[in-house]
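With the sequence shown counted from 1, adding 78 to any position gets you our numbering. Step one of this worksheet: look at the structure below.
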Amino acid sequence: MMPHKILIVEDNENNRSLFRDVLTFHGYQVSVASDGQEGVALARELMPDLILMDIQMPGMDGMTAGGILKGDPATSRLKIIALTSFAMRGDLEKFLEAGFDGYLSKPISTRELPDLVKRWLQEEK
Ligand SMILES: [Mg+2]
79 MMPHKILIVE DNENNRSLFR DVLTFHGYQV SVASDGQEGV ALARELMPDL
129 ILMDIQMPGM DGMTAGGILK GDPATSRLKI IALTSFAMRG DLEKFLEAGF
179 DGYLSKPIST RELPDLVKRW LQEEK
């Protein structure tokens with residue numbers, strides 16, 4: 079069986095490496111991008127099974143990048159999870175409205191991340 083492909087789009091280098099290492103250890107084929115523009119390009123190229131998309135990034139932010147992918151019929155069915163440190167009420171609704179498939183608040187537990195990823199991958203679209 080081919081490993082699931084996961085794309086991590088995150089500007090923070092420490093987070094990016096940590097998530098990549100944890101998910102690679104759990105058998106996923108992981109790619110990384112450091113801003114929204116690179117993330118959109120890699121998503122189009124790789125068509126990953128799951129994208130973990132940081133929201134706050136310099137340059138193109140995650141909301142914009144997610145919107146571009148969800149607005150393009152070629153990539154609109156990609157599963158995208160928003161990673162955010164916003165603690166504002168109503169965020170979940172905002173992300174779901176923007177087409178995101180889920181939402182994860184930082185700090186992200188690396189113990190829980192593999193189980194969450196597994197669950198998102200199993201969810202029907
Ligand atoms: Mg960030």
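C-beta atoms are modelled at their ideal positions from N, C-alpha and C, and glycine is treated no differently. Fair warning: this is a prediction, and the values are worked out from it, not measured in the lab.
Exclusion of the five residues before and after residue 88 leaves 94, 132 as the residues of its chain whose Cβ lies within less than 6 Å of its Cβ. In the displayed model, residue 145 falls within a helix according to three-state DSSP. DSSP places residue 114 inside the alpha helix (DSSP H), whose first and last residues are 114–124. Taking 8 Å as the cut-off, the Cβ atoms of residue 82 and residue 199 count as close.
Just measuring C-alpha positions, the residue of 142, 149, 197 sitting nearest residue 114 is 142.
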